[in-house]
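Student: Dropping the structure in here first, questions after.
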Ligand code: ATP
């Protein structure tokens, strides 16, 4: 899918009540979005899928819900006040602002695309005999391009490590990067820009009243490490999970809900014994990719990307990238955070944040492994892999959202064939029975075919039709969204039948 594909998703999401631009009657607010009646259902289902897999199914992981406002010293200790910056650069002609690191990444992506083109060409030429790994490691053109990429990465890393922003600018100039809007190379100097939103607490003015909107949920977990460990009598290794809002004053927020200034994270910090971080890093990489793949959005749509430039707190880090309409981009991060955060909080709070290991009789600051996924990006991943136009056997077309059944906002629609003869009453009886378990809709308007299409467009897995025979045989016709096959099911078996198809259990057992 392309950028054009993203436009289709945005308009479909708005038309059917998934996502609206925020405060649209005032022409919207850039990079803020509201989830509509179906969007909030889908979002809740994604949260439930994550929470069940992470918290309910792991004996040693518990969940919390910390406040968005935290003591400002939290952000001094975590390094966000001093270092949560993006390098920013402006083009003097277009007056457009960019992230310097993103300009460089995009330049690298172009070289990668050229390598992939070389590979595709060679594949065609050599046919079945083609050995891609060998080609990549021996072809002079590919090696030269790869050398260019490595060189750029090394220069960028060195410049950032040395906090040498002039060197970042020189790199952009040397690479001949132009502004996509003006086409010119007329750049300002690179500056650091802090991404935290600041506000003031209560009636206090001046610096003493400053609080920040949290830029990540993780710190709410770290400051509660000891509370949870003690009150829950937790033994290492154990995890604390949280779902909540985070805020970042992104320099350029675009690409719909992919990059917003207010978004939601689902984070888990796993506290472990120092020295075991590599083992747990691999464990969580595997567990998280499995969670993603169980959804059936297409295994080919995921890949791992190891970080070149590690954050100040990490000793290993990678992203799970998803093939969004605009290409492979970060969906989730897995970070080995060492004891950085807890040690910093010890130092700034003067409180011990240790674990007493009953086996070794030692007391130490645990190491931490983090999994951090953006709920909104997960939502976009689901929408972008689900939306399709299909041509049917009779030549007609339908728009269908093949959202995984367990995540679909509406699980079933109950449809009386006509609006009389007692069919609506029977249909409402069935509705009441199913509503106890799932989000179900009732629809009696228009011809049945049009009602099917409406449900296809919002991704409803099952359409349950109540017809005249229902009154005699106490059975209904159930149509499957994906196969469009119809089955006659006894009303007495309906709840179990629907449950078997749409419950999360099958995903979680995978
Ligand atoms: P990026 O490099 O895309 O800015 P990041 O590396 O800063 O992301 P993390 O700090 O690792 O992101 O945050 C964890 C997760 O939170 C990300 O994997 C992403 O899914 C989500 N996330 C981060 N920033 C945003 C944002 N502005 N809008 C929506 N989701 C976000």
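Residue numbers (the numbering used here): 956 to 1465.
A virtual CB, placed ideally from N, CA and C, is assigned to each residue, including glycine.
What you are looking at is a predicted structure, and each value in this text was computed from that prediction instead of being measured.
Tell me, to the nearest whole angstrom, how far the beta carbon of residue 1124 is from that of residue 1059; I am working on the premise that it is less than 8 Å.
Tutor: So it is not a contact: roughly 11 Å between Cβ atoms.
Student: Measure the C-alpha to C-alpha separation of residue 1341 and residue 996 and round it to an integer number of angstroms.
Tutor: Their Cα atoms are separated by approximately 16 Å.
Student: Mapping the DSSP letters down to three states, classify residue 1432 as helix, strand or coil.
Tutor: strand
Student: Cutting at 7 Å between CB atoms, please list the residues of its own chain near residue 1362, excluding the five before and the five after it.
Tutor: 997, 1000, 1001, 1004 and 1337
Student: Assuming residue 1009 and residue 1174 are in contact, meaning their beta carbons sit under 8 Å apart, how far apart are those beta carbons, in whole angstroms?
Tutor: Contact flag wrong, Cβ pair sits at about 19 Å.
Student: Which two residues bound the contiguous alpha helix (DSSP H) that contains residue 1105?
Tutor: 1095–1116
Student: Only counting the same chain, and skipping five residues up and downstream in sequence, which positions put a Cβ closer than 6 Å to that of residue 1190?
Tutor: none
Student: With distance defined between alpha-carbon atoms, name the residue in 968, 1013, 1146 and 1165 nearest to residue 993.
Tutor: 968
Student: Quick check on the DSSP output: what are the complete alpha helix (DSSP H) runs of length 4 or more inside the stretch 1154–1190, in order along the chain?
Tutor: Complete alpha helix (DSSP H) runs here, min 4: 1173–1177 and 1180–1186.
Student: Between the C-alpha atoms of residue 956 and residue 1282, what's the straight-line distance to the nearest angstrom?
Tutor: Caution applies to residue 956, whose pLDDT of 49 falls short of 50 and renders its modelled position unreliable; the model cannot decide the point.
Student: Does DSSP put residue 1222 in a helix, in a strand, or in coil?
Tutor: strand
Student: Where do the ends of the beta strand (DSSP E) carrying residue 1200 lie?
Tutor: 1193–1202
Student: Return yes when at least one heavy atom of the ligand ATP lies under 8 Å from the C-beta of residue 1286, else no.
Tutor: yes
Student: Go ahead and pull the three-state DSSP assignment for residue 1358.
Tutor: In the three-state scheme derived from DSSP, where H, G and I count as helix and E and B as strand, residue 1358 is classed as coil.
Student: With 16 as the cutoff for other CB atoms within 10 Å, does residue 1080 come out buried or exposed?
Tutor: So residue 1080 ends up on the exposed side.
Student: Out of 1133, 1237 and 1403, state which residue places its alpha-carbon closest to the alpha-carbon of residue 1373.
Tutor: 1403
Student: For residue 1277, which of helix, strand or coil comes out of DSSP?
Tutor: strand
Student: Whole angstroms is fine: what's the gap from residue 1312's alpha carbon to residue 1266's?
Tutor: 29 Å
Student: Going straight from the alpha carbon of residue 1464 to that of residue 1221, what length do you get?
Tutor: 21 Å
Student: Do the CB positions of residue 1285 and residue 1294 come within less than 9 Å of each other?
Tutor: For residue 1285 and residue 1294, no; Cβs fall outside 9 Å.
Student: Could you give the first and the last residue of the continuous beta strand (DSSP E) run that contains residue 1316?
Tutor: Counting along the chain, residue 1316 falls outside any beta strand (DSSP E), and DSSP gives it neither H nor E.
Student: Would you say residue 1234 and residue 1260 are within 9 Å of each other, going by their C-beta atoms?
Tutor: no
Student: When burial is assigned at 16 or more other CB atoms within 10 Å of the CB, is residue 1343 buried or exposed?
Tutor: exposed
Student: If you measure between the beta carbons of residue 1308 and residue 1297, is that distance less than 9 Å?
Tutor: yes
Student: In terms of DSSP beta bridges, what is residue 983 paired with?
Tutor: In the DSSP output, where bridge partners are listed per residue, residue 983 has none listed.
Student: Near residue 1147, which residues of its chain fall below 8 Å by C-beta distance, leaving aside the five closest residues on each side in sequence?
Tutor: Counting only Cβ-Cβ distances below 8 Å, and skipping sequence neighbours, we find 1040, 1041, 1042, 1043 and 1120.
Student: Quick one: any contact between the stretch 1449–1464 and the stretch 1380–1390, if contact means 3 or more CB pairs under 8 Å?
Tutor: In short, these stretches touch, since the Cβ pair count reaches three.
Student: Tell me whether residue 956 sits in a helix, a strand or coil according to DSSP, three-state version.
Tutor: Here residue 956 scores only 49 on pLDDT, less than 50, and its place in the model should not be relied on; the value that follows carries that caveat. Note: residue 956 maps to coil in three-state DSSP.
Student: How many whole angstroms separate the CB atoms of residue 1432 and residue 1420, which I take to be in contact at a CB cut-off of 8 Å?
Tutor: 4 Å
Student: Closest to residue 1200 by CA distance: which of 1411, 1327, 1091 and 1306 is it?
Tutor: 1327
Student: Looking at C-alpha atoms only, which residue of 1427, 985, 1456 and 1318 is the closest neighbour of residue 1209?
Tutor: For residue 1209, the nearest C-alpha among the options comes from 985.
Student: Could you tell me the boundaries of the beta strand (DSSP E) in which residue 1033 lies?
Tutor: Per DSSP, residue 1033 belongs to no beta strand (DSSP E) and is neither H nor E.
Student: Alpha carbons only, please: which of 1245, 1122 and 1151 is nearest the one belonging to residue 1143?
Tutor: 1122
Student: Helix, strand or coil for residue 1237? Go by DSSP, reduced to three states.
Tutor: helix
Student: With 16 other CB atoms within 10 Å as the buried threshold, where does residue 1011 fall?
Tutor: exposed
Student: Which first and last residues belong to the alpha helix (DSSP H) in which residue 1075 is found?
Tutor: From DSSP, the alpha helix (DSSP H) with residue 1075 extends over 1055–1081.
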